[in-house]
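The numbering of the sequence shown is the working numbering, which starts it at 28 and goes up by one.
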Amino acid sequence: MYVGIDLVRTERWERLLTKFPARAEAIFTEAEIAHCEGKKAHKWESFAALWAVREAAGKALGIGIFGSAWRDAHVTWTKWGAPVLHLEGTFARRAEELGVTDMAVSISHEGGMAAAVVVMQGGSHDTHNDSGSESAR
Ligand SMILES: CC(C)(COP(=O)(O)OP(=O)(O)OC[C@H]1O[C@@H](n2cnc3c(N)ncnc32)[C@H](O)[C@@H]1OP(=O)(O)O)[C@@H](O)C(=O)NCCC(=O)NCCS
Numbered sequence: 028m029y030v031g032i033d034l035v036r037t038e039r040w041e042r043l044l045t046k047f048p049a050r051a052e053a054i055f056t057e058a059e060i061a062h063c064e065g066k067k068a069h070k071w072e073s074f075a076a077l078w079a080v081r082e083a084a085g086k087a088l089g090i091g092i093f094g095s096a097w098r099d100a101h102v103t104w105t106k107w108g109a110p111v112l113h114l115e116g117t118f119a120r121r122a123e124e125l126g127v128t129d130m131a132v133s134i135s136h137e138g139g140m141a142a143a144v145v146v147m148q149g150g151s152h153d154t155h156n157d158s159g160s161e162s163a164r
């Protein structure tokens, strides 16, 4: 089982996307942008949370976000508003390598901060063997 967590300042995304609105289209899917825009005045915390999802997924996979595309982790929502995580590209390949069979994401925002936790199930891969640490050599 693998887990990743990330905490993001809402204000950072408000500043970035106010200054460079086109960045949203590069980083987030159409469905994600529509979801956030639907939050009106609270949209920045939802954008920040979706960024946290990307970083939390990279952590769960043990590779971080460098070397992945912006949308390698993205979210859709159930009819009750629960987020559902999807992986593509580098993230999807890594999940396959690790033997991930199922995954879940949870999001929260409060007081100018947004957080996401990603849990991935399955696999018997020892991520410590990827570290190149002394003990693994
Ligand atoms: C889900 C709920 C517990 C959120 O708690 P909260 O303390 O108000 O808000 P948080 O900041 O901690 O969480 C918000 C996030 O919860 C997630 N969420 C929303 N509904 C959810 C659900 N049914 N199950 C799991 N997660 C949910 C979303 O990702 C949301 O973030 P987003 O709007 O940026 O996507 C609360 O709103 C609730 O019980 N809602 C009932 C479901 C509902 O009314 N849905 C409305 C659409 S039909």
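No residue lacks a Cβ here, since even glycine has one placed at the ideal position from N, Cα and C.
> Which residue from W71, D33, E137, E115 puts its Cα closest to that of L43?
Replying inline: The sequence position of residue 43 within the sequence shown is 16, counting from 1. Checking every option, the nearest Cα to that of L43 belongs to W71.
>> Under 5 Å, CB to any heavy atom of ligand 1. Which residues pass, going along the chain?
In response: S73, A76, W107, G108, A109, P110, I134, S135, H136
> Which same chain residues, not among the five before or five after T105, have their C-beta less than 8 Å away from its C-beta?
Replying inline: Locating residue 105 in the sequence shown gives position 78, where the first residue counts as 1. Excluding residues within five positions, the ones whose Cβ falls inside 8 Å are V111.
> What number of angstroms, rounded off, separates the C-alpha of A87 from the C-alpha of F55?
Replying inline: Stepping through the sequence shown from its first residue, residue 87 is reached at position 60. Stepping through the sequence shown from its first residue, residue 55 is reached at position 28. Taking the straight line from one Cα to the other gives about 20 Å.
>> Once the 5 residues before and after V145 are set aside, which same chain residues still bring their CB inside 6 Å of it?
In response: Within the sequence shown, residue 145 is the residue found at index 118, counting from 1. Excluding positions up to five away in sequence, the list reads G31, A83, A84, A87, V132.
> Does the Cβ-Cβ distance between R120 and W97 come in under 9 Å?
Replying inline: By 1-based counting over the sequence shown, the position of residue 120 is 93. By 1-based counting over the sequence shown, the position of residue 97 is 70. Taking 9 Å as the Cβ cut-off, R120 and W97 do not qualify as a contacting pair.
>> Distance check for Q148 and L125, CA to CA, integer angstroms please.
In response: As a first step, residue 125 must be located in the sequence shown, where it is residue number 98. As a first step, residue 148 must be located in the sequence shown, where it is residue number 121. Distance between the alpha carbons of L125 and Q148: 10 Å.
>> Tell me the DSSP secondary structure of E115 in three-state form.
In response: Residue numbering aside, residue 115 sits at position 88 when the sequence shown is read from its first letter. Looking at E115 - three-state DSSP - the assignment turns out to be coil, as it is neither helix nor strand.
>> Counting C-beta neighbours from all protein chains within 10 Å, is the total for S95 16 or more, i.e. buried, or is it exposed?
In response: Taking the first residue of the sequence shown as position 1, residue 95 is located at position 68. Answer is buried; the Cβ neighbour count reaches 16.
> Got a sec? Which residues, its chain only, sit under 6 Å from S73 by beta carbon, not counting five neighbours each side?
Replying inline: Translated into the one-based positions of the sequence shown, residue 73 becomes position 46. Answer for S73: C63, K66, listed in chain order.
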